[in-house]
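Residue numbers (the working numbering): 458 to 668.
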Amino acid sequence: MSYIEVDHVTKKFGEDTVLHEVNIAMERGMVYGISGNNGSGKTVLMKCICGFLPVSSGKIRVGGKVIGAEIDFPESAGVIIETPGFLINFTGMRNLEILAGLRGKISRREIREAVQRAGLDPDLKKPVSKYSLGMRQRLGIAQAIMEDPEFLVLDEPFNGLDKHGVADIRELILGLKEQGKTILLASHNSEDIRILCDRVFEMDGGRIKEL
Numbered sequence: 458m459s460y461i462e463v464d465h466v467t468k469k470f471g472e473d474t475v476l477h478e479v480n481i482a483m484e485r486g487m488v489y490g491i492s493g494n495n496g497s498g499k500t501v502l503m504k505c506i507c508g509f510l511p512v513s514s515g516k517i518r519v520g521g522k523v524i525g526a527e528i529d530f531p532e533s534a535g536v537i538i539e540t541p542g543f544l545i546n547f548t549g550m551r552n553l554e555i556l557a558g559l560r561g562k563i564s565r566r567e568i569r570e571a572v573q574r575a576g577l578d579p580d581l582k583k584p585v586s587k588y589s590l591g592m593r594q595r596l597g598i599a600q601a602i603m604e605d606p607e608f609l610v611l612d613e614p615f616n617g618l619d620k621h622g623v624a625d626i627r628e629l630i631l632g633l634k635e636q637g638k639t640i641l642l643a644s645h646n647s648e649d650i651r652i653l654c655d656r657v658f659e660m661d662g663g664r665i666k667e668l
């Protein structure tokens with residue numbers, strides 16, 4: 458059985474059908490890419506997989522459990538969808554400490570390691586309000602990886618990053634793949650998709666096909 462199974466999933470908002478009978482199966486230790494224009498359904502599909510939006514019909518299983526029926530959210534997932542929201546008057550480290558405290562799974566040491574892996578200084582005293590877009594994006598990636606999840610959902614993870622930042626995060630993603638993580642990645646940049654992904658799907662008008 459695949460680690461993640463999207464089985465005939467349709468999602469409607471009122472009369473609008475945003476996902477049409479989407480089927481995709483994902484194995485452990487692979488990077489899956491989704492390309493497509495804005496409004497193609499990529500982000501909606503990712504939100505459904507994470508349990509943030511209920512499906513209208515069909516089923517999504519992660520680790521054999523049905524999202525929205527047996528569990529509300531995947532049990533071990535790191536997620537970055539759209540611009541991460543942080544408490545802007547606190548430092549990046551303090552933000553992650555607050556979030557980690559909600560689940561109590563990791564110590565300050567793991568948080569520091571995640572911040573460093575994402576290319577930020579954990580001792581930086583600057584509040585998030587003074588962060589550049591690229592720094593906020595790196596902080597969002599640190600948040601996604603800090604609890605060592607089995608599954609990562611990364612929607613446009615390179616937004617706001619300069620060339621150096623893109624290279625850093627590509628290297629990080631490939632390292633996570635080597636650790637056996639399952640990664641679902643959406644990017645409008647075909648080069649990111651080509652370099653990182655084992656299998657690539659295209660979404661167009663809520664329909665998916667493998668390239």
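All C-beta atoms, glycine included, are put in the ideal place defined by N, C-alpha and C.
Please work out which residues of its chain come closer than 7 Å, Cβ to Cβ, to residue i, disregarding the five sequence neighbours upstream and downstream, and give them in chain order.
| i | result |
| --- | --- |
| threonine 474 | Thr467, Gly663 |
| glutamate 532 | Gly520 |
| leucine 618 | Gly591, Gln594, Ile626 |
Which residues in the same chain have their Cβ closer than 6 Å to the Cβ of residue i, if we skip the five residues on either side of it in sequence?
| i | result |
| --- | --- |
| isoleucine 461 | Met483, Val519 |
| glycine 535 | Ala601, Ile602, Pro606, Leu609 |
| methionine 550 | Pro579 |
| valine 657 | Gly490, Ile650, Leu668 |
Among residues of its own chain, excluding the 5 on either side of residue i, which ones have a beta-carbon nearer than 8 Å to its beta-carbon?
| i | result |
| --- | --- |
| serine 514 | His465, Val466, Thr467 |
| isoleucine 538 | Thr500, Met503, Lys504, Cys507, Phe509, Val610, Asp612 |
Does the beta-carbon distance from residue i to residue j come in below 8 Å?
| i | j | result |
| --- | --- | --- |
| leucine 614 | isoleucine 598 | For the record, residue 614 in the displayed sequence is proline; it is not leucine. Yes, they are a contact pair. |
| glycine 521 | methionine 458 | yes |
| isoleucine 524 | isoleucine 517 | yes |
| valine 572 | leucine 553 | yes |
| glycine 471 | methionine 660 | no |
| leucine 577 | threonine 548 | no |
| isoleucine 545 | serine 589 | no |
| leucine 629 | arginine 574 | yes |
| isoleucine 481 | isoleucine 665 | yes |
| lysine 562 | glutamate 604 | yes |
Quick one: what's residue i bridged to in DSSP?
| i | result |
| --- | --- |
| lysine 516 | Asp464 |
| leucine 577 | Note: leucine 577 sits in no beta bridge, so no partner. |
| glutamate 659 | Ser492, Lys666 |
| aspartate 473 | Phe470 |
| isoleucine 481 | Val463 |
| lysine 522 | Val519 |
| isoleucine 537 | Leu611 |
Over the uninterrupted beta strand (DSSP E) stretch that includes residue i, give me the two end residues.
| i | result |
| --- | --- |
| alanine 601 | No beta strand (DSSP E) holds alanine 601; the alpha helix (DSSP H) holding it covers 590-602. |
| leucine 609 | 608-612 |
Tell me where the alpha helix (DSSP H) around residue i begins and ends.
| i | result |
| --- | --- |
| asparagine 552 | 549-560 |
| leucine 629 | 620-635 |
| leucine 641 | Element bounds for leucine 641: not the alpha helix (DSSP H) but the beta strand (DSSP E), 639-643. |
| aspartate 649 | 647-653 |
Assess, as a yes-or-no matter, whether the region 648-660 is touched by the region 485-497 under the definition of 3 or more beta carbon pairs within less than 8 Å.
Yes: the two stretches touch, three or more of their Cβ pairs being nearer than 8 Å.
Counting beta carbon pairs with one atom in the region 491-500 and one in the region 630-650, are three or more of them shorter than 8 Å?
Judged by Cβ distances under 8 Å, the region 630-650 makes contact with the region 491-500, as three or more pairs qualify.
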